[in-house]
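*Asks:* What follows is a single structure, and I will ask about it in a moment.
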Amino acid sequence: MITSKEQSGLLDKAEKFGRFVETASLVLILAAMIILAAAQIVMRNMLDLGLSWSDEALRLMVLWVTMLGAVAASRDRRHIVIDVLSRVLPAGPKVWASLVVDSFAAAVAGVLAWYAALFVADSREFGDLLLNDFPAWPFQLILPIAFTVIAYRYGIWSVRHLRDIIRGADRS
Amino acid sequence: AQATTFKIATIAPEGSQWMVDLKAAGKEIENKTAGRVKLKLYGGGVMGSDKKVLRKIRIGQLQGGAFVTNGLAERYRDIVLYGLPMAFQTQAEVDYVRERMDPVLMKGLEEAGYVSFGFAGGGFARLMGAEPVADIHALRGRKVWVPEGDPISYKAMESMQLAPVVLPITDVLTGLQTGLLEFVASPPVAAVVLQWYTKVKYVTSVPFAYTAGVLAIDKRAFSRISETDQSIMREVLTSVYAMFEQRNRLDNREAEAALRSNGLKFVDADPQLVPAWRKTTAASNRKMAEEGVFSIKLLDEFLGHLADFHATAGTDQAALNSTE
Amino acid sequence: MMFGILALLALLGTPLFIVIAMSAILGYARSDISLAAVPIEVFGIAEMPILLAIPLFTFAGYLLSESRAPMRIVRLTGALLGWMPGGLALVSIAACAFFTAFTGASGVTIVALGAVLYPALSHAGYTERFSLGLVTSAGSLGLLFAPSLPLILYGIVAEVPIDDLFLAGIMPGIVMMVFMGGYSLWVNRSNRTPLSHFSLDELLGALKASAWEIPLPVIVLGGIYSGYFAVSEAAAVTAVYVLIVEVLVLRDVNWRQLPEIIRESMVLVGGILIILGVSLASTNYMIDAQVPEKLVEIVNRFVSGPVSFLLLLFVFLLILGAILDIFSALVLVVPLILPIAQVYEVHPVHLGIVFLATMQLGFLTPPVGLNLFISSYRFEQSIVRVYLATFPFLMMLLFAVLLITFWPGLSLFMLGE
Ligand code: NA
Ligand code: NA
Numbered sequence: 000m001i002t003s004k005e006q007s008g009l010l011d012k013a014e015k016f017g018r019f020v021e022t023a024s025l026v027l028i029l030a031a032m033i034i035l036a037a038a039q040i041v042m043r044n045m046l047d048l049g050l051s052w053s054d055e056a057l058r059l060m061v062l063w064v065t066m067l068g069a070v071a072a073s074r075d076r077r078h079i080v081i082d083v084l085s086r087v088l089p090a091g092p093k094v095w096a097s098l099v100v101d102s103f104a105a106a107v108a109g110v111l112a113w114y115a116a117l118f119v120a121d122s123r124e125f126g127d128l129l130l131n132d133f134p135a136w137p138f139q140l141i142l143p144i145a146f147t148v149i150a151y152r153y154g155i156w157s158v159r160h161l162r163d164i165i166r167g168a169d170r171s
Numbered sequence: 636a637q638a639t640t641f642k643i644a645t646i647a648p649e650g651s652q653w654m655v656d657l658k659a660a661g662k663e664i665e666n667k668t669a670g671r672v673k674l675k676l677y678g679g680g681v682m683g684s685d686k687k688v689l690r691k692i693r694i695g696q697l698q699g700g701a702f703v704t705n706g707l708a709e710r711y712r713d714i715v716l717y718g719l720p721m722a723f724q725t726q727a728e729v730d731y732v733r734e735r736m737d738p739v740l741m742k743g744l745e746e747a748g749y750v751s752f753g754f755a756g757g758g759f760a761r762l763m764g765a766e767p768v769a770d771i772h773a774l775r776g777r778k779v780w781v782p783e784g785d786p787i788s789y790k791a792m793e794s795m796q797l798a799p800v801v802l803p804i805t806d807v808l809t810g811l812q813t814g815l816l817e818f819v820a821s822p823p824v825a826a827v828v829l830q831w832y833t834k835v836k837y838v839t840s841v842p843f844a845y846t847a848g849v850l851a852i853d854k855r856a857f858s859r860i861s862e863t864d865q866s867i868m869r870e871v872l873t874s875v876y877a878m879f880e881q882r883n884r885l886d887n888r889e890a891e892a893a894l895r896s897n898g899l900k901f902v903d904a905d906p907q908l909v910p911a912w913r914k915t916t917a918a919s920n921r922k923m924a925e926e927g928v929f930s931i932k933l934l935d936e937f938l939g940h941l942a943d944f945h946a947t948a949g950t951d952q953a954a955l956n957s958t959e
Numbered sequence: 007m008m009f010g011i012l013a014l015l016a017l018l019g020t021p022l023f024i025v026i027a028m029s030a031i032l033g034y035a036r037s038d039i040s041l042a043a044v045p046i047e048v049f050g051i052a053e054m055p056i057l058l059a060i061p062l063f064t065f066a067g068y069l070l071s072e073s074r075a076p077m078r079i080v081r082l083t084g085a086l087l088g089w090m091p092g093g094l095a096l097v098s099i100a101a102c103a104f105f106t107a108f109t110g111a112s113g114v115t116i117v118a119l120g121a122v123l124y125p126a127l128s129h130a131g132y133t134e135r136f137s138l139g140l141v142t143s144a145g146s147l148g149l150l151f152a153p154s155l156p157l158i159l160y161g162i163v164a165e166v167p168i169d170d171l172f173l174a175g176i177m178p179g180i181v182m183m184v185f186m187g188g189y190s191l192w193v194n195r196s197n198r199t200p201l202s203h204f205s206l207d208e209l210l211g212a213l214k215a216s217a218w219e220i221p222l223p224v225i226v227l228g229g230i231y232s233g234y235f236a237v238s239e240a241a242a243v244t245a246v247y248v249l250i251v252e253v254l255v256l257r258d259v260n261w262r263q264l265p266e267i268i269r270e271s272m273v274l275v276g277g278i279l280i281i282l283g284v285s286l287a288s289t290n291y292m293i294d295a296q297v298p299e300k301l302v303e304i305v306n307r308f309v310s311g312p313v314s315f316l317l318l319l320f321v322f323l324l325i326l327g328a329i330l331d332i333f334s335a336l337v338l339v340v341p342l343i344l345p346i347a348q349v350y351e352v353h354p355v356h357l358g359i360v361f362l363a364t365m366q367l368g369f370l371t372p373p374v375g376l377n378l379f380i381s382s383y384r385f386e387q388s389i390v391r392v393y394l395a396t397f398p399f400l401m402m403l404l405f406a407v408l409l410i411t412f413w414p415g416l417s418l419f420m421l422g423e
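If you read the sequences in order, they're chains A, B and C.
Under the numbering used here, the first residue of the first sequence carries the number 0, and numbering increases by one thereafter.
Under the numbering used here, the first residue of the second sequence carries the number 636, and numbering increases by one thereafter.
Under the numbering used here, the first residue of the third sequence carries the number 7, and numbering increases by one thereafter.
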């Protein structure tokens, strides 16, 4: 039997690990972007050379950084919001509002993830290409992955709000 | 029956002659089918790059697009044949080969899932940029545009030790404006319609590649309308594309004059160097065919027609004089 | 009905990219278009060449704000302007504008420079209220100066040359600074003691201390205008340069801090560009449904010419700025108003400057004034107090924006048009 304390310890570890993976991938991709963009300038100006794949690769990295950044923003609750109403709501209704908002976000992100997966599957089936002759789908895979993780994140938030509501009800 | 709308994307800007003609064709189709078939056109590249348009056709958001031939290579690889770098030199060569090969390519497109209505030649792409270029080696280290999804032109440039920049056609103007691109190859008429000429000063007169446009419509959507309506659509759009073909020839001359009157200067490539460039690109083209980027069988057929043309038309020089 | 529910969810704090994605989903579903159209549009982020500039400039800006560059910039502007009466107020304005241009109007300026300037202002005898208002509102200046993020984003969305925007922003940006500076001098006309006497030694010392940062604007602007760098290349050079200077040469930032700085800056980039991505989908739906054409027709009924259009635009943007942040407003609204502006022959570059200048006021207007919140949090003041302190500055900026809106030449004469 796993006690609830051990369980939350495991969850904490999973959270920490997730955060580490996000940060590490952001660091790697941004570093690759800076190095590639700088190398391209040096090669072009000093060696009169270019790389056929560098422009497109840089654009793909922008997409990856965007999606990973959006995942990180979901974890840190740092997405851009208009929280006019929730600011003035008293604590009681506020937790209900948060539950509605976060489960809605989870659902929409889930829909996005599903159709992104269809998009990638289609792209694979039709043999779309990127970077001259690479299959496109592995580069597009970040879309369903990121939207899935975002949906998961808002799912977790929703569960927490629900727990708070139930605990609040228990206490009263 | 319910009306069927074909949603078609094009890079031709709103208000341009190409767009006006396509819209007129849409009206004609609507009238002749008593309103059963409509065309809805999205101009100015608002639907995105060729790749994006192809994806949207795949999911049924769009039913077709007006493409430059190479833009369809992702779906039908042999469509690149006419646009092979430095393969054609004169309009007479083009006319001879196209008479024999247009049906082959249109059949190939149809097998790939796209109904088309003939090719509209856009003329020869010429190199344009901020500086005069007589020798291609002056382009070393410069940002020369290569269309996205066109590995053949890319390799051809690489074979001449150039470092091209890959961008979709929809981003060329932005690229020229922001310094991402310094040189583009384009037929004069396209440079005028797409406003690229406002960002360049010199044109090098050597024919860099032949360009052709094609309207490709999703076969699944096309087969959903009645046979009568299909033939009406074929008839109207084929005549529009034949008209584009004829008018582009005149327009290219007018556009050239327009470029000159806008202060653009025309320079000639060093005539001693051109044969060497052609040889290098021809070798690079063949290598791409050998690697399977497009059909080597069609390449040989293409080169065979060219050879026949030169054999029957006497000297190369005569052909050169007859057109340029 | 659906729209009402969506609006309510937005006001309750649903992430904006979710709201916009949902509106695109509803739109496509209503027109029987496969929802796979949404990811196709989001993938469009990988097809916009200039976008590369955004993560690179943002990273460089965050790195600068984590270094001691803010202090060096304050010292340098102090040595240059500190001898004037009211000098420190002017120093604050100039330093904030410069810093915001580089850090991209993300509120970083208030955090990075406010910590230095706020105590200094109070110490120099400015009232608490004036100091708070100045630091809060000066943090929004600099939006119109290269290479500010919103300026680049407008260029991308409106497909306007970014170097033209960089030029066009200079005079309007200066006008805003002059209005705020003039007001500061006038309010403090009784506080005549300058911060310090002019000292050549101090100026040379400050120059020497900032020697590594001074070339930055030259690299960015000089590189772009000489045609040597594309905007994205200038961003790459800036990122490399700032990284080398702050981490290796000056060692202001320890390399162990880099992962967190990268994460922080990319959270901002992800937050902005995911909104851009989903709004490509909502815009595409609107184009598919020919909404811009219909909008032009409607506006045409109420508007008779460029002046009344600009007036309507001004009011509209003022309201928009109060509820939407600048980045979301840019990607959502610009594609819709651009074709309308075209009808009234408003130059797209002028439109961009008007758009950003008016939206800049949004940083200082409740309820979503980002700078108000950051300032309230950073300086531990109640939000109402921050709002009252900022109000006179907001009024000055409002006058400046009116001038910028109705005097197109102010933006356009640098372009030679
Ligand atoms: Na574009
Ligand atoms: Na939008």
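Positions of the beta carbon are idealized from the N, C-alpha and C atoms, including for glycine.
Sort Val-779(B), Lys-790(B), Leu-716(B) by Cα distance to Leu-938(B) and report the nearest one.
*Replies:* Among Val-779(B), Lys-790(B), Leu-716(B), the Cα nearest to that of Leu-938(B) belongs to Leu-716(B).
*Asks:* Pick from Gly-228(C), Leu-394(C), Leu-319(C), Gln-348(C): whose alpha carbon is nearest that of Thr-364(C)?
*Replies:* When only C-alpha atoms are compared, the closest one is Leu-319(C).
*Asks:* Could you round the C-beta distance between Ile-35(A) and Ser-53(A) to whole angstroms and report it? I think they count as a contact, below 8 Å.
*Replies:* Ile is not the amino acid found at residue 35(A); the sequence shown has Leu there. Contact holds; Cβ gap of about 6 Å.
*Asks:* Compare the C-alpha of Tyr-247(C) against each of Val-48(C), Leu-17(C), Met-7(C), Leu-62(C) and name the closest.
*Replies:* The candidate whose alpha carbon is nearest that of Tyr-247(C) is Leu-62(C).
*Asks:* Less than 7 Å between CB atoms is the rule here; does Leu-934(B) satisfy it with respect to chain C?
*Replies:* Cβ-Cβ to chain C under 7 Å: no for Leu-934(B).
*Asks:* Do Val-801(B) and Asn-883(B) count as a contact pair if the criterion is CB distance below 7 Å?
*Replies:* No. Outside cutoff.
*Asks:* To the nearest whole angstrom, what separates the beta carbons of Leu-425(C) and Met-186(C), a pair I think is in contact under 8 Å?
*Replies:* Any question about residue 425(C) goes unanswered here, given that chain C covers just 7 to 423.
*Asks:* Along chain C, which residues have their Cβ under 7 Å away from the Cβ of Asp-806(B)?
*Replies:* What Asp-806(B) touches in chain C: Pro-55.
*Asks:* Which class does Trp-218(C) belong to by DSSP, given the choice of helix, strand or coil?
*Replies:* Reduced to three states, the DSSP call for Trp-218(C) is coil.
*Asks:* Which residues mark the beginning and the end of the beta strand (DSSP E) in which Thr-839(B) is found?
*Replies:* It spans 837 to 853 - the beta strand (DSSP E) in which Thr-839(B) sits, taken as one unbroken run.
*Asks:* Which of helix, strand or coil does DSSP assign to Thr-958(B)?
*Replies:* Residue placement at Thr-958(B) cannot be trusted, given a pLDDT of 46 that sits under 50; what the coordinates show is reported in the next sentence. If DSSP states are grouped into helix, strand and coil, Thr-958(B) belongs with the helices.
*Asks:* Measuring alpha carbon to alpha carbon, tell me which residue in Ala-174(C), Thr-142(C), Val-141(C), Tyr-68(C) is nearest Leu-157(C).
*Replies:* Residue Ala-174(C) is the option with its Cα nearest to Leu-157(C).
*Asks:* Examine chain C for any beta-carbon lying closer than 7 Å to the beta-carbon of Tyr-151(A), and answer yes or no.
*Replies:* Output row for Tyr-151(A): interface = no.
*Asks:* Within 7 Å (strictly less), CB to CB, does Asp-258(C) reach chain A?
*Replies:* So, not an interface residue.
*Asks:* Mind pulling the chain A residues with CB within less than 8 Å of Tyr-789(B)?
*Replies:* Result: Ser-51, Asn-131.
*Asks:* Check the DSSP bridge columns for Ala-701(B) and list the partner residues they point to.
*Replies:* Ala-701(B) is bridged to Leu-850(B).
*Asks:* For the alpha helix (DSSP H) containing Met-401(C), name the first residue and the last one.
*Replies:* Counting along the chain, the alpha helix (DSSP H) containing Met-401(C) begins and ends at 389 to 412.
*Asks:* So, is the C-beta of Arg-859(B) closer than 7 Å to a C-beta in chain C?
*Replies:* It does not: the Cβ of Arg-859(B) has no partner Cβ on chain C nearer than 7 Å.
*Asks:* Check for me: the beta strand (DSSP E) holding Gln-800(B) runs from which residue to which?
*Replies:* First, the amino acid is wrong: residue 800(B) is Val here, not Gln. Its beta strand (DSSP E) spans residues 800 to 802.
*Asks:* Using the Cβ count rule (16 or more neighbours within 10 Å means buried), how would you classify Arg-262(C)?
*Replies:* It is exposed - the Cβ of Arg-262(C) has fewer than 16 other Cβ atoms within 10 Å.
*Asks:* At the 7 Å Cβ level, is Ile-293(C) part of the contact set with chain B, yes or no?
*Replies:* Yes, Ile-293(C) lies at the interface with chain B (some Cβ there is under 7 Å from its Cβ).
*Asks:* Do you know offhand how far Asp-864(B)'s Cα is from Glu-165(C)'s?
*Replies:* Between Asp-864(B) and Glu-165(C), the C-alpha separation is close to 39 Å.
*Asks:* Could you check whether Thr-704(B) and Val-849(B) sit closer than 7 Å to each other, using their CB atoms as the reference points?
*Replies:* Yes, these two residues count as a Cβ contact at 7 Å.
*Asks:* Does the Cβ of Val-360(C) have 16 or more other Cβ atoms within 10 Å, making it buried, or fewer, making it exposed?
*Replies:* That one is buried.
*Asks:* Assign Gly-228(C) to buried or exposed, taking buried as 16 or more other Cβ atoms, counted over all protein chains shown, within 10 Å of its Cβ.
*Replies:* Exposed: under 16 other Cβ atoms inside 10 Å.
*Asks:* Using beta-carbon positions only, say whether Arg-81(C) and Ala-212(C) come within less than 7 Å of one another.
*Replies:* Yes, they are a contact pair.
*Asks:* Could you check which residue in Phe-333(C), Leu-206(C), Glu-351(C), Val-117(C) has the C-alpha nearest to that of Ile-81(A)?
*Replies:* The candidate whose alpha carbon is nearest that of Ile-81(A) is Phe-333(C).
*Asks:* Using C-beta distances below 7 Å, list every residue in its chain close to Met-66(A), excluding the 5 sequence neighbours before and after it, in chain order.
*Replies:* These residues qualify, in order along the chain: Ile-141, Leu-142, Ala-145.
*Asks:* Determine the chain C residues that contact Leu-872(B) at a beta-carbon separation under 8 Å, and present them in chain order.
*Replies:* By Cβ distance, chain C contributes nothing, its closest Cβ being about 22 Å from Leu-872(B), past 8 Å.
*Asks:* Quick one: any contact between the segment 275 to 293 of chain C and the segment 33 to 47 of chain C, if contact means 3 or more CB pairs under 8 Å?
*Replies:* As far as the Cβ criterion goes, the segment 275 to 293 of chain C touches the segment 33 to 47 of chain C, which means the pair count is three or higher.
*Asks:* By the 9 Å beta-carbon criterion, what residues does the segment 666 to 698 of chain B contribute toward chain A?
*Replies:* The segment 666 to 698 of chain B vs chain A, Cβ under 9 Å: Lys-686, Leu-689, Arg-690, Arg-693, Ile-694.
*Asks:* Taking a cut of 7 Å between CB atoms, which residues from the segment 763 to 790 of chain B lie near chain A?
*Replies:* Cβ contacts with chain A: Arg-775, Gly-776, Pro-786, Tyr-789.
*Asks:* What would DSSP say about Met-0(A), mapped onto helix, strand or coil?
*Replies:* Low local confidence applies: a pLDDT of 47 at Met-0(A) is under 50, so the model's placement there is unreliable, with the coordinate-based value given in what follows. Coil at Met-0(A), not helix or strand.
*Asks:* Between the segment 152 to 172 of chain C and chain A, which residues of the former have CB atoms less than 7 Å from a CB of the latter, in chain order?
*Replies:* Listed in sequence order: no entries.
*Asks:* The beta strand (DSSP E) spanning Ala-647(B) covers which residue range?
*Replies:* Run containing Ala-647(B): none; DSSP gives neither H nor E here.
*Asks:* Step through the CB atoms of chain A and report whether any lies within less than 7 Å of the CB of Met-28(C).
*Replies:* Met-28(C) counts as touching chain A.
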